[in-house]
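Chains as they are written, first to last, in our numbering: chain A, 1 to 198; chain B, 1 to 198. From the three backbone atoms N, C-alpha and C, an ideal C-beta is built for every residue, glycine too. Quantities reported herein were computed from a predicted structural model and do not represent experimental measurements.
Protein chains: 2
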Amino acid sequence: MQNHGLLKELIQSLCCLPGVGSKSAQRMAFHLLQRNRDGGRHLSTILGQAMLEIGYCQSCRTLSESLLCEICSNEQRDSDTLCIVESPADVWLIEHATTFKGKYFVLHGRLSPLDGIGPDQLGIDLLEQRMANNPPKELILATNSTVESQATTHFIGEVAAKYQIRTTRIAHGIPMGGELEFIDSSTLSHAFKDRREF
Amino acid sequence: MQNHGLLKELIQSLCCLPGVGSKSAQRMAFHLLQRNRDGGRHLSTILGQAMLEIGYCQSCRTLSESLLCEICSNEQRDSDTLCIVESPADVWLIEHATTFKGKYFVLHGRLSPLDGIGPDQLGIDLLEQRMANNPPKELILATNSTVESQATTHFIGEVAAKYQIRTTRIAHGIPMGGELEFIDSSTLSHAFKDRREF
Numbered sequence: 001m002q003n004h005g006l007l008k009e010l011i012q013s014l015c016c017l018p019g020v021g022s023k024s025a026q027r028m029a030f031h032l033l034q035r036n037r038d039g040g041r042h043l044s045t046i047l048g049q050a051m052l053e054i055g056y057c058q059s060c061r062t063l064s065e066s067l068l069c070e071i072c073s074n075e076q077r078d079s080d081t082l083c084i085v086e087s088p089a090d091v092w093l094i095e096h097a098t099t100f101k102g103k104y105f106v107l108h109g110r111l112s113p114l115d116g117i118g119p120d121q122l123g124i125d126l127l128e129q130r131m132a133n134n135p136p137k138e139l140i141l142a143t144n145s146t147v148e149s150q151a152t153t154h155f156i157g158e159v160a161a162k163y164q165i166r167t168t169r170i171a172h173g174i175p176m177g178g179e180l181e182f183i184d185s186s187t188l189s190h191a192f193k194d195r196r197e198f
Numbered sequence: 001m002q003n004h005g006l007l008k009e010l011i012q013s014l015c016c017l018p019g020v021g022s023k024s025a026q027r028m029a030f031h032l033l034q035r036n037r038d039g040g041r042h043l044s045t046i047l048g049q050a051m052l053e054i055g056y057c058q059s060c061r062t063l064s065e066s067l068l069c070e071i072c073s074n075e076q077r078d079s080d081t082l083c084i085v086e087s088p089a090d091v092w093l094i095e096h097a098t099t100f101k102g103k104y105f106v107l108h109g110r111l112s113p114l115d116g117i118g119p120d121q122l123g124i125d126l127l128e129q130r131m132a133n134n135p136p137k138e139l140i141l142a143t144n145s146t147v148e149s150q151a152t153t154h155f156i157g158e159v160a161a162k163y164q165i166r167t168t169r170i171a172h173g174i175p176m177g178g179e180l181e182f183i184d185s186s187t188l189s190h191a192f193k194d195r196r197e198f
């Protein structure tokens, strides 16, 4: 096949989606063309619009269509609780999984000096400004549980301590539905240390 | 989260892709927005264009941007060999896996009276017209190996017989790299029956 022009280009473009290789991209392209042209057209429109219009919230740095995101501009949300996360996806997850009604601050990564990611890249200056001008009563650290994330958490904890802000960290332990047999020893030891009254 | 507007809509639209659930759609949306906006924009453009411009070849019924597809309009391809497949995806697969230089005819399905799919829906009239006016020397049946496909194959074989056209079927047997231990008995028995001189 010399070139199937547009079809080939469509398959190649679909490969830019994470987790999509050439085989899945083929399946997607043929599916849309043969069974769901409306869906394909709609996806094309929304995708173009999203890439163009979605930017970052000036206050919490999450993805947003407007200067202030829905959460920051919502007066019903509690400004006294500030939840620190690593990515906009984490905001989405927490919003869908919990009843948290406070506000967020998105780091967009974690401290990683070797990759040139320091406090400036994570917006710690903006966060510190917030702590100085409008200090929350509680700072919840909802970062990942890797070594680099823990260093980041520690760093933010120290900044918060400077402003005497109460800082908490989400619990580490056995995942719900998890069996002890399949849990790594570090998590198990952590879960033992953090045991609570029953 | 009341509504994340465009972001939510993007995630929902991505779910129209086959094999993509809400979790993968989230990952795709965040990936494109945070790491690959150019890719997202390009995908949006190509997708819109493909949904609009790709139709079906008038001669072989495969997906094509023009009235005659690249293969049908290519004079270097051998009109004496006609390969019957069930879907445009099969044309793509055969083009990429084999050195076949003949032409194709796409059925877009298989006979399935219960679903109202008869010879008309499969374009058998068009195929018969081709056999009458410009008969190929060989008709290769490259359909799937399900019961319904075999009924379809049989039907087409009878039409071809009417025009005394030599008809072949692609081989059934052990897949390359397959181990006998894991092959179903029907395939194994077929492979035995169809054994060839070594």
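Quick one: list the residues of chain B neighbouring glutamine 26/A, beta-carbon separation under 9 Å, in chain order.
-> Ala89, Trp92, Leu93
What does alanine 214/A reach in chain B if we use C-beta pairs closer than 7 Å?
-> Within the shown structure, residues of chain A are numbered from 1 to 198, placing residue 214/A beyond reach of any answer.
Could you check the C-alpha separation between histidine 96/B and serine 145/A for me, to the nearest Å?
-> 45 Å
Might you give, ordered along the chain, the residues of its own chain that have their beta carbon closer than 6 Å to the beta carbon of serine 185/B, omitting 5 neighbours on each side?
-> none
Would you be able to state if there are at least three C-beta pairs under 8 Å between the stretch 66-80 of chain A and the stretch 129-139 of chain A?
-> yes
Counting only beta-carbon atoms, is cysteine 72/B nearer than 9 Å to chain A?
-> no
Secondary structure at valine 159/B, three-state DSSP: helix, strand or coil?
-> Valine 159/B: helix per DSSP, three-state reduction.
Inter-stretch contact at 8 Å, needing at least 3 Cβ pairs: the stretch 93-113 of chain B / the stretch 37-46 of chain B | no
How big is the Cα-Cα spacing for asparagine 133/A and proline 18/B?
-> 49 Å
Note down, in chain order, every chain A residue with its Cβ under 7 Å from the Cβ of arginine 37/B.
-> Within chain A, the residues near arginine 37/B are Met51.
Name the residue from Gly21/A, Cys16/A, Asp90/A whose alpha carbon lies nearest to the alpha carbon of isoleucine 170/A.
-> Asp90/A
Alpha carbon to alpha carbon, what distance is there between isoleucine 117/A and threonine 168/A?
-> 24 Å
Going by DSSP, which residues form a beta bridge with aspartate 78/A?
-> Gly102/A
My guess is that alanine 25/B and leucine 7/B are in contact by the Cβ rule of under 8 Å, so how many angstroms apart are they, rounded?
-> Contact flag wrong, Cβ pair sits at about 11 Å.
Going by the CB atoms, is the gap between leucine 68/B and glycine 55/B shorter than 9 Å?
-> no
Valine 20/A by DSSP, collapsed to three states: which one?
-> coil
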